[in-house]
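Enquirer:
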Amino acid sequence: MRVPSLTLAAAGAALIAPALPAPATAVPPAERVAARDGTTVREGTAAHGVGAAHGIGVHGAVRGGGGGGDGGPGRAERADRGDRSDRSDRTGRAGDAVTAARLLARAGTCHRVSRGRYRTDAGRPATVPVCGTRDAVFWKADLDIDCDGRPTARCNRRTDPVFAAATAVLGSDGRRLNAETLPYIVVPVPSRRWDHRASGVRGGSVAAVVYRDRVRYAVVGDTGPRDLIGEASYATARALGIRPDPRSGGVSSGVTYIVFRGSRITAAEDRAAAAAEGERLARRFLARH
Numbered sequence: 001m002r003v004p005s006l007t008l009a010a011a012g013a014a015l016i017a018p019a020l021p022a023p024a025t026a027v028p029p030a031e032r033v034a035a036r037d038g039t040t041v042r043e044g045t046a047a048h049g050v051g052a053a054h055g056i057g058v059h060g061a062v063r064g065g066g067g068g069g070d071g072g073p074g075r076a077e078r079a080d081r082g083d084r085s086d087r088s089d090r091t092g093r094a095g096d097a098v099t100a101a102r103l104l105a106r107a108g109t110c111h112r113v114s115r116g117r118y119r120t121d122a123g124r125p126a127t128v129p130v131c132g133t134r135d136a137v138f139w140k141a142d143l144d145i146d147c148d149g150r151p152t153a154r155c156n157r158r159t160d161p162v163f164a165a166a167t168a169v170l171g172s173d174g175r176r177l178n179a180e181t182l183p184y185i186v187v188p189v190p191s192r193r194w195d196h197r198a199s200g201v202r203g204g205s206v207a208a209v210v211y212r213d214r215v216r217y218a219v220v221g222d223t224g225p226r227d228l229i230g231e232a233s234y235a236t237a238r239a240l241g242i243r244p245d246p247r248s249g250g251v252s253s254g255v256t257y258i259v260f261r262g263s264r265i266t267a268a269e270d271r272a273a274a275a276a277e278g279e280r281l282a283r284r285f286l287a288r289h
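Residues 1 to 289 (the UniProt record's numbering) are what the sequence shown spells out, left to right.
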């Protein structure tokens, strides 16, 4: 599932088809029987721009204070009100927290945006649809390890037999992404089954990835075969508590990928920006029913 076909244009937000190395075959987790195929994917060259994301900011509660005139509340009563206000404010923020349970519940109903379904591995039945709301698209699949990009101590030709020193998306410095340190996810190349560009998804789009009780934020950083879905970088797997080894890591199910429509991090390698924007967009996703 290592088929590079997305790139971030140096001056804008459009997706183009770069001249990249031939695709390689991803190595699935050891417990899997079927291996992914190595089908070459040819991509069109049309560029599609996507508008910037518009969301609702997170606002803290406003604490009220009593007046001090005749007939007004006394100092003790004002203090008590302040304590209650503080407690209410803290409780409200806790109730609005982005949790794995809340995201999974929100993504529990599928309004399908893909024309067909995807396989998680070659030879497996096509069972995974891409679903959507006005704020996001999402799917529930496995997680295979993408270790492509810049060679590092844990992602290189020695540790990964199908390593490719390329990612479909480039960082702001024009270099390939670093799978060992940067949480990113992989989307299938555009096809009749689903064209991610039509859903407002492109290189640098922000995603929330959920596994068990963990939520981690990532960017769209690479592309894979047109009929397979369910792959993320070494760093994404590690952040989720999943074994990140490119030979034997990953999990066979239970991972939910939520990509926010129209979102984009200008510098795809900026983890802090992705986390902050992901948190904001996740709150918006949860707030809209």
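All C-beta atoms in this analysis are idealised placements derived from N, C-alpha and C, irrespective of residue type, glycine included.
Among the residues of its own chain, which have a CB less than 7 Å from the CB of alanine 263, if the five just before and after it don't count?
Expert: For the record, residue 263 in the displayed sequence is serine; it is not alanine. Ala53, Ser205, Val206, Glu277 and Leu281, listed in sequence order.
Enquirer: So, helix, strand or coil for glycine 278, using DSSP?
Expert: Here glycine 278 sits in helix by DSSP.
Enquirer: Mapping DSSP to helix, strand and coil, what is threonine 236?
Expert: It is helical.
Enquirer: Are there 16 or more other CB atoms within 10 angstroms of the CB of aspartate 121, so buried, or fewer, so exposed?
Expert: Aspartate 121 is buried by the Cβ-count criterion.
Enquirer: What residue range does the beta strand (DSSP E) around arginine 216 cover?
Expert: It spans 214-224 - the beta strand (DSSP E) in which arginine 216 sits, taken as one unbroken run.
Enquirer: Let me know the secondary structure DSSP gives valine 182 once reduced to three states.
Expert: Checking the displayed sequence, the identity of residue 182 turns out to be leucine instead of valine. Three-state result, leucine 182: coil.
Enquirer: How long is the line joining the alpha carbons of lysine 140 and leucine 228, rounded to whole angstroms?
Expert: Approximately 12 Å between the Cα atoms of the pair.
Enquirer: Check for me: the beta strand (DSSP E) holding alanine 101 runs from which residue to which?
Expert: Careful: alanine 101 lies outside any beta strand (DSSP E), inside the alpha helix (DSSP H) at 100-106.
Enquirer: So, with DSSP's three-state summary, where would you put arginine 284?
Expert: Here arginine 284 sits in helix by DSSP.
Enquirer: Does alanine 165 pass the burial test, meaning 16 or more other C-beta atoms within 10 Å, or should it be called exposed?
Expert: Label assigned to alanine 165: exposed.
Enquirer: Smallest Cα separation from valine 137: which of Arg119, Val215, Val201 and Asp160?
Expert: Ranking Arg119, Val215, Val201 and Asp160 by Cα distance to valine 137 puts Val201 first.
Enquirer: Short of 7 Å in beta carbon distance, which residues of its chain neighbour histidine 218, apart from the five on each side in sequence? Order them along the chain.
Expert: For clarity, residue 218 is alanine in the given sequence; the question names histidine instead. Only Pro183, Tyr184, Ile185, Ala207, Val209, Ala232, Thr236 and Ala274 meet the Cβ criterion.
Enquirer: Between which two residues does the beta strand (DSSP E) harbouring valine 255 extend?
Expert: Run containing valine 255: 251-260, per the beta strand (DSSP E) assignment.
Enquirer: Check whether the stretch 153-164 touches the stretch 264-273, taking contact to mean three or more Cβ pairs, one atom from each stretch, closer than 8 Å.
Expert: No: fewer than three Cβ pairs fall under 8 Å.
Enquirer: Taking C-beta to C-beta, are threonine 133 and valine 215 nearer than 9 Å?
Expert: Not a contact, by the Cβ cut-off of 9 Å.
Enquirer: Answer yes or no: the CB of leucine 104 versus the heavy atoms of the ligand MG, is any distance below 8 Å?
Expert: What this structure holds is no ligand at all, so the ligand MG is not there to describe.
Enquirer: Would you mind giving the Cβ-Cβ distance between valine 128 and arginine 117, rounded to the nearest angstrom? I have them listed as a contact below 8 Å.
Expert: At roughly 6 Å, the Cβ-Cβ gap stays under 8 Å, so valine 128 and arginine 117 are in contact.
Enquirer: Just the C-alpha distance for aspartate 195 and alanine 168, rounded to the nearest angstrom, thanks.
Expert: Rounded to the nearest angstrom, the two C-alpha atoms are 16 Å apart.
Enquirer: Give me the residue from Asp146, Arg212, Asp173 and Gly123 with the minimum Cα distance to leucine 103.
Expert: Checked all of Asp146, Arg212, Asp173 and Gly123; the closest Cα to leucine 103 is Arg212.
Enquirer: Roughly how many whole angstroms lie between the Cα atoms of alanine 126 and arginine 119?
Expert: Approximately 4 Å between the Cα atoms of the pair.
Enquirer: Buried or exposed for glycine 230, going by 16 or more other Cβ atoms inside 10 Å?
Expert: Glycine 230 is buried by the Cβ-count criterion.
Enquirer: Just how far apart, CA to CA, sit alanine 198 and glutamate 269?
Expert: Their backbone Cα atoms lie some 24 Å apart in a straight line.
Enquirer: Do you know whose CA, among Arg288, Arg176, Phe285 and Arg124, lies nearest valine 220's CA?
Expert: Cα-wise, what sits closest to valine 220 is Arg176.
Enquirer: In the DSSP assignment, the beta strand (DSSP E) including valine 209 goes from what residue to what residue?
Expert: Start and end: 206-211.
Enquirer: DSSP three-state label for alanine 136, please.
Expert: Note: alanine 136 maps to strand in three-state DSSP.
Enquirer: Do you know whose CA, among Asp160, Gly108 and Ala272, lies nearest threonine 256's CA?
Expert: The shortest Cα separation from threonine 256 among Asp160, Gly108 and Ala272 belongs to Gly108.
Enquirer: Taking DSSP's pairing of strands, which residues face glutamate 231 in a bridge?
Expert: Partner(s): Asp144.
Enquirer: Based on Cα-Cα distance, which residue from Pro188, Gly249 and Arg271 lies nearest to asparagine 178?
Expert: Taking only the C-alpha atoms, the option nearest asparagine 178 is Arg271.
Enquirer: Quick check: valine 187 and valine 259, are their CB atoms within less than 9 Å of each other?
Expert: Cβ atoms of valine 187 and valine 259: closer than 9 Å.
Enquirer: What does DSSP give as the partner residues of glycine 123 in its beta bridges?
Expert: Answer is none; glycine 123 lacks a bridge partner.
Enquirer: Taking the alpha carbon of aspartate 160 as the point to measure from, which residue in Asp144, Asp222 and Gly174 has its own alpha carbon closest?
Expert: Selected option, being the one with the closest Cα: Asp144.
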